[in-house]
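Quick note on the working numbering: the sequence shown kicks off at 142 and runs consecutively. Heads up: the structure comes next, in structure tokens.
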Amino acid sequence: MTQRLRLGILASGGGSNLQVIIDHCQEHGFPAEIAVVIANNPDAGALERAHRAGIPARCINHRDFAGREAFDTALVTALQEAGVQLVVLAGFMRIITKVMLEAFPQRIINIHPALLPAFPGLHVQQQAIDYGARFSGCTVHFVDGGVDTGPIIIQAVVPVLPEDTADTLAARILEQEHKIYPRAIQLIAQGRVLVEGRTVTIDPPAAPQATALVNPSLKN
Ligand code: GRF
């Protein structure tokens, strides 16, 4: 079997995205494996999930460092020690500095619970509702120097429903996150993801599943 891509997963919270990545990596033939899970917060559920799966996991607490760059230097050391080839941010609530970007150029990906470039930043499900958007969704993108600005790899769209709260919309989006994040990792691990400027090409192409979505419906 060919070498599997070694992932380093960074998380701050519950780690449901980490869990689906663990599950996929355990499937026969998935082209990636998790080398290490790192949380910046000792209470992160992600650490517990990694322990349960027998995956190396550690906490590097950002509060123990004088600044963002010192924290990122410790992250880079831990990731390099584990032989990580792709850094996967899975609910990681820290801003990445150039220390990480230079150590892993175009090798850091993030998942964001909105359809970028709409609604970067925080509390984005509430923002989509408050704006009156008819659709939201999720985006997997490469990380660059900005906040949620890097080249887009894959997106999934969900409708915003009249009765939605931030929580119900977040749950609908999360269901799709769990599908697109493993898929993005698979495509990268297969060497099918090419980046040129802002444009990401999938080679060979994988056509979208839908032609158009309309909300509210054209009928009734
Ligand atoms: C997800 O909605 C992700 O898009 C955002 O943080 C949340 C993390 O959820 N960046 P989990 O920890 O993977 O369950």
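For each residue, glycine too, the CB sits at the ideal point set by N, CA and C.
{"query": "Would you mind reading off the limits of the alpha helix (DSSP H) that contains G186?", "result": "G186 to R193"}
{"query": "Kindly examine ligand 1 and report whether one of its heavy atoms sits closer than 6 Å to the Cβ of N182.", "result": "no"}
{"query": "Given a cut-off of 7 Å, decide if V284 and N251 are closer than it, judged by their beta-carbon atoms.", "result": "yes"}
{"query": "Am I right that I196 and I326 are in contact with their C-beta atoms under 8 Å? What's the rounded C-beta distance?", "result": "Not confirmed; about 15 Å, so no contact."}
{"query": "Just to confirm the assignment, what range does the alpha helix (DSSP H) spanning L227 have?", "result": "No alpha helix (DSSP H) holds L227; the beta strand (DSSP E) holding it covers L227 to L230."}
{"query": "Can you give me the start and stop residues for the beta strand (DSSP E) that A297 sits inside?", "result": "I293 to P300"}
{"query": "Name the DSSP beta bridge partners of T280, please?", "result": "H253 and Q296"}
{"query": "Can you tell me the Cβ-Cβ gap for I201 and L216, rounded? I've got them flagged as a contact below 8 Å.", "result": "6 Å"}
{"query": "Below 6 Å, is the gap between the Cβ of S277 and the nearest heavy atom of ligand 1?", "result": "no"}
{"query": "Per DSSP, which one or two residues make a beta bridge with V115?", "result": "This structure leaves residue 115 out entirely; the chain is present only between 142 and 361."}
{"query": "So I237 is in the alpha helix (DSSP H); what residue range does that whole segment cover?", "result": "First-last for I237: undefined, no H or E at that position."}
{"query": "Could you give the first and the last residue of the continuous beta strand (DSSP E) run that contains L151?", "result": "L146 to A152"}
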